Amino acid sequence: MTTRIYVPLDSSAEAMGAKKTAAAIVAEAEKRGEKIELVRNGSRGLYWLEPMVEVETPNGRVAYGPVNAKDVAGLFDAGFLKGEKHVLCHGLTEEIPYLKKQERLTFARVGIIDPFSIDDYTKFGGFDGLKKALKMEPAAIVKEVTDSGLRGRGGAAFPTGIKWNTVLGAQADQKYIVCNADEGDSGTFSDRMLMEGDPMCLIEGMTIAGLAVGATKGYIYCREEYPHSINNLNVAIEACTKAGYLGKNILGSGKDFELIVREGAGAYICGEETSLMESIEGNRGLVRFKPPLPALQGLFGKPTVINNVMSLGSVPIILAKGGEFYKNYGMGRSRGTLPFQLTGNLKHGGLVEKAFGLTLRELLYDFGGGTISGRPIRAVQVGGPLGAYVPESQFDIPLDYEEYAKVGAMVGHGGLVVFDDTVDLANMARYAMEFCAIESCGKCTPCRIGSTRGVETIDKIIAGKEVGKNIALLNSLCDTMLNGSLCALGGMAPYPVVSALKHFPEDFGIDKTAAA
Amino acid sequence: MTTTPALSDQQKKSLDDILARLKDEPGPLFPILHAIQDELGWVPDETVPAIARALNRSRAEIHGVITFYHHFRRHPVGKHMVQVCRAEACQAMGCTSLEEHAKKTLGIDYHGTTADGQFSLEAVYCLGNCALSPSIRVNDDIVGKVSKERFDEVIAELRNA
Ligand SMILES: Cc1cc2nc3c(=O)[nH]c(=O)nc-3n(C[C@H](O)[C@H](O)[C@H](O)COP(=O)(O)O)c2cc1C
Ligand code: SF4
Ligand code: FES
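These protein sequences, in sequence, are chains A and B.
As numbered in the working numbering, residues 1399 to 1914 make up the first sequence, in order.
As numbered in the working numbering, residues 1046 to 1206 make up the second sequence, in order.
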């Protein structure tokens, strides 16, 4: 009997040695004359267990982890091919609480399937959405997405259906779908996980977007830091094209959609949509003035849908199960699920897809298990390098776009970076300004000059020089950047700074009671 | 003016092939620059006039694009590119001391290359490995939970490879 064994090909699993583990398993099986079939899947997102090896048994898949090459012989001895007990065994994968408590819609297949297998993909619901969309009028597809309440997952949370509707209504000889796979935010990796572990989901989402707005060509702009994503997408595109799900005359419908992957070049600003399009066109990544909206004059001057990987990756299930189904998850105006990314100083870092409305406290403790250092959590940066530092007093606010905005914070792309009580928030504020200075496209003064002045001013505060005066200067500088910047890099870099000042004044040498 | 040597015949041929293959793509400059860097290891200034001619754009424009992006290099680099992540999730797990360790161990600062031409060192801002920080990237592979000892092991492995 052949036993099927899964070892993830995910970059983070490989960062912990998955490739060596896979090779050791193959070698050991050969040595013992055991027949195995090795599948390289995506990651389940239980990253502290990576490399996490799964063995298929009659009762379901059994998880072992973290499995290093040196553990492999012992696992064979213990009978892991039959799913037997071992110190590294975690029982049935699906029963692991971290996974069981999740609501996986966008990530329904990630970690389960072979990312390059059309059979696996279709067996788990893949292309159901596309098949439905092929029978629908474009406006009906757009309506389904509008009804789902899906809002852009790249950061700005703009309603996806409304954006698509503008492009649908535009008249042009060519329209484009662009996928923003620049994922520059620190503390995030959900786009990468999907591109590596279920690339066909993104391909299907983009194809549906093309059908919806009448675009026959799509670009995926993927950051250079993700070579495995770029490779997996290209392999999957070829497989889908060969199988008739992509390219000319999709599934005999007479509709065409062609997909091209473009590689970035290490500029954070190219995650901003207009800068991204400049980059595809072969220019410096300078942010464009709006209007015109990209929806009307976007890539190569043509009407363009530009969406984040998570937005487009949520489209297949919305089409397959209906907008209503998706909308039933979430709260307020934040509908559906968000794949939260638990990172930094946490025992159980990983990906948790849940409906909007849960709290940071649940994510940090029920899922994350508290800090890995064993010290108390002091601050969490939510929503990437432009997101606020959230103090414990705000850990019970529901994760919802509007509720977060009310306290000057943002949910953004769903990344959480956890710091214990050894963190110095004055240093983190300085870093936020430094990052803005390094990555500024240079088009406007408040961002280009303001960020450099910000670093200098915080340096003075840290050195204890005229603290009161320099704090006032820093606040006014932040104000100028907030109000006078063309895009959210300069416009939001003040958020981490202002939140650090407000919630952790003692780190800047100010008395907490005096600051309040 | 320029101190870099002229392109070798081999390099010229690579450049011509790349330009012929990619110049008619929509928005051809990025694919061309990536192809040049993948093939030659960097983007020599001497390639700029040929690129400009092939795309019918000014040299200043091409130069402007190359210098805008961190990834495109105008100088040769070591055999192995080592990038240390400096972003927040890695800071939360102590990357600041890892940065110091990397510089000390390799004996170079950021943007530097070791005298034996084996290693170049760069900073990077997030590698998408934030749940297993601190992270480094070595060529196309990520390494997670990088302690100082782990860093030394990785470097030793590359040295002996
Ligand atoms: C400085 C900056 C960086 C950004 N980086 C990203 C990014 O890496 N990925 C992304 O999807 N959106 C990013 N955005 C947001 C995009 O401009 C845009 O809102 C998004 O691509 C729209 O897609 P969505 O509606 O699906 O979110 C960034 C914006 C700014 C101002
Ligand atoms: S805010 Fe900064 S990054 Fe944005 S357009 Fe202005 S200079 Fe460029
Ligand atoms: S912050 Fe270092 S890998 Fe993301």
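C-beta: ideal position from N, C-alpha, C; glycine also.
In this text the structure is predicted, and so the values were computed from the model without any measurement.
**Prompt:** Do alanine 1610(A) and tryptophan 1562(A) have their C-beta atoms closer together than 8 angstroms?
**Reply:** Between alanine 1610(A) and tryptophan 1562(A), the C-beta spacing is below 8 angstroms.
**Message:** Measuring only the C-alpha atoms, how far is leucine 1447(A) from arginine 1402(A)?
**Reply:** 19 angstroms
**Asked** In the structure shown, what three-state DSSP assignment does glutamine 1082(B) receive?
**Response** helix
**Message:** For a test of your reading of the model: does the CB of leucine 1172(B) fall under 7 angstroms from any non-hydrogen atom of ligand 3? Yes or no.
**Reply:** yes
**Prompt:** With burial defined as no fewer than 16 other Cβ atoms inside 10 Å of the residue's Cβ, what is the status of arginine 1590(A): buried or exposed?
**Reply:** buried
**Item:** Residue interval of the alpha helix (DSSP H) (run including lysine 1149(B))
**Value:** 1140 to 1151
**Message:** Does aspartate 1062(B) come out as helix, strand or coil in the three-state DSSP assignment?
**Reply:** helix
**Request:** Take arginine 1846(A) as the anchor and find which of Cys1577(A), Asp1822(A), Glu1656(A) and Gly1889(A) has the nearest alpha-carbon.
**Result:** Gly1889(A)
**Asked** Are phenylalanine 1754(A) and aspartate 1798(A) touching if we call contact CB-CB under 8 angstroms?
**Response** yes
**Message:** ligand 3 and aspartate 1133(B): does the residue's C-beta get closer than 7 angstroms to at least one heavy atom of that ligand?
**Reply:** Reading off the sequence, residue 1133(B) comes out as glutamate, not aspartate. Flag set: Cβ of glutamate 1133(B) near ligand 3.
**Prompt:** In chain order, what residues of the segment 1169 to 1192 of chain B put their CB closer than 8 angstroms to some CB of chain A?
**Reply:** Val1169, Tyr1170, Cys1171, Leu1172, Gly1173, Asn1174, Cys1175, Ala1176, Leu1177, Ser1178, Ser1180, Arg1182, Asp1185, Asp1186, Ile1187, Val1188, Gly1189 and Lys1190
**Message:** Can you give me the C-alpha to C-alpha distance between glutamine 1695(A) and proline 1701(A), rounded to a whole angstrom?
**Reply:** Rounded to whole angstroms, the gap between the alpha carbons of glutamine 1695(A) and proline 1701(A) is 5 angstroms.
**Item:** Inter-residue Cα distance where the pair is proline 1449(A) and cysteine 1620(A)
**Value:** About 25 angstroms.
**Request:** Put phenylalanine 1833(A) into one of helix, strand or coil per three-state DSSP.
**Result:** helix
**Item:** Residue closest to glycine 1720(A), alpha-carbon to alpha-carbon, out of Gly1768(A), Asp1545(A), Ala1421(A) and Leu1444(A)
**Value:** Asp1545(A)
**Request:** Would you identify the three-state DSSP class for alanine 1914(A), choosing helix, strand or coil?
**Result:** No answer about alanine 1914(A) holds up, because its pLDDT of 42 lies below 50 and its placement is not dependable.
**Asked** Beta carbon of glycine 1748(A), beta carbon of leucine 1736(A): below 8 angstroms?
**Response** Taking 8 angstroms as the cut-off, the beta carbon of glycine 1748(A) is found no closer than this to the beta carbon of leucine 1736(A).
**Asked** What did DSSP end up calling arginine 1846(A) once you bin it into helix, strand or coil?
**Response** helix
**Asked** What is the DSSP secondary structure of threonine 1741(A), counted as helix, strand or coil?
**Response** strand
**Prompt:** How many angstroms separate the CA atom of phenylalanine 1698(A) from the CA atom of glycine 1767(A)?
**Reply:** Roughly 48 angstroms separates the two Cα atoms.
**Request:** Report the residue from Thr1150(B), Asp1186(B), Cys1171(B) and Cys1130(B) whose alpha carbon sits nearest the alpha carbon of aspartate 1580(A).
**Result:** Cys1171(B)
**From Asp1197(B), Ser1178(B) and Arg1195(B), residue whose alpha carbon lies closest to that of serine 1584(A)** = Cα-wise, what sits closest to serine 1584(A) is Ser1178(B).
**Prompt:** When we look at the beta-carbon of proline 1121(B) and count the other beta-carbons within 10 Å, is it buried (16 or more) or exposed?
**Reply:** Counting Cβ neighbours within 10 Å, proline 1121(B) comes out exposed, since fewer than 16 surround it.
**Prompt:** Checking contacts by CB at 8 angstroms: is histidine 1115(B) closer than that to chain A?
**Reply:** yes
**Prompt:** Using 8 angstroms as the limit for Cβ to Cβ distance, is leucine 1074(B) near chain A?
**Reply:** yes
**Message:** For a cutoff of 8 angstroms on Cβ pairs, would you count methionine 1138(B) as touching chain A?
**Reply:** yes
**Request:** Compute the distance between the beta-carbons of lysine 1745(A) and isoleucine 1770(A), then report whether it is under 8 angstroms.
**Result:** yes
**Request:** Could you check the C-alpha separation between proline 1406(A) and glycine 1463(A) for me, to the nearest Å?
**Result:** 12 angstroms
**Request:** Measuring alpha carbon to alpha carbon, tell me which of Thr1141(B), Phe1164(B) and Leu1064(B) ends up nearest leucine 1203(B).
**Result:** For the residues Thr1141(B), Phe1164(B) and Leu1064(B), the minimum Cα distance to leucine 1203(B) belongs to Phe1164(B).
**Asked** What does proline 1714(A) reach in chain B if we use C-beta pairs closer than 9 angstroms?
**Response** Residues of chain B passing the Cβ test: none, with the nearest at roughly 22 angstroms.
**Request:** Consider the C-beta atom of cysteine 1175(B) and the heavy atoms of ligand 3; say whether any pair is separated by less than 7 angstroms.
**Result:** yes
**Item:** Selected residue, minimal CA-CA separation from proline 1557(A), among Lys1640(A), Thr1504(A) and Ser1732(A)
**Value:** Ser1732(A)
**Same chain, Cβ closer than 6 angstroms to glutamate 1198(B), five either side skipped, listed in chain order** = none
**Message:** Less than 8 angstroms between CB atoms is the rule here; does proline 1783(A) satisfy it with respect to chain B?
**Reply:** yes
**Request:** Examine chain B for any beta-carbon lying closer than 8 angstroms to the beta-carbon of alanine 1914(A), and answer yes or no.
**Result:** Low confidence applies to alanine 1914(A): its pLDDT is 42, below 50, so where it sits in the model is not reliable, and the reading given next is rough at best. Judged by the 8 angstroms Cβ criterion, alanine 1914(A) is not in contact with chain B.
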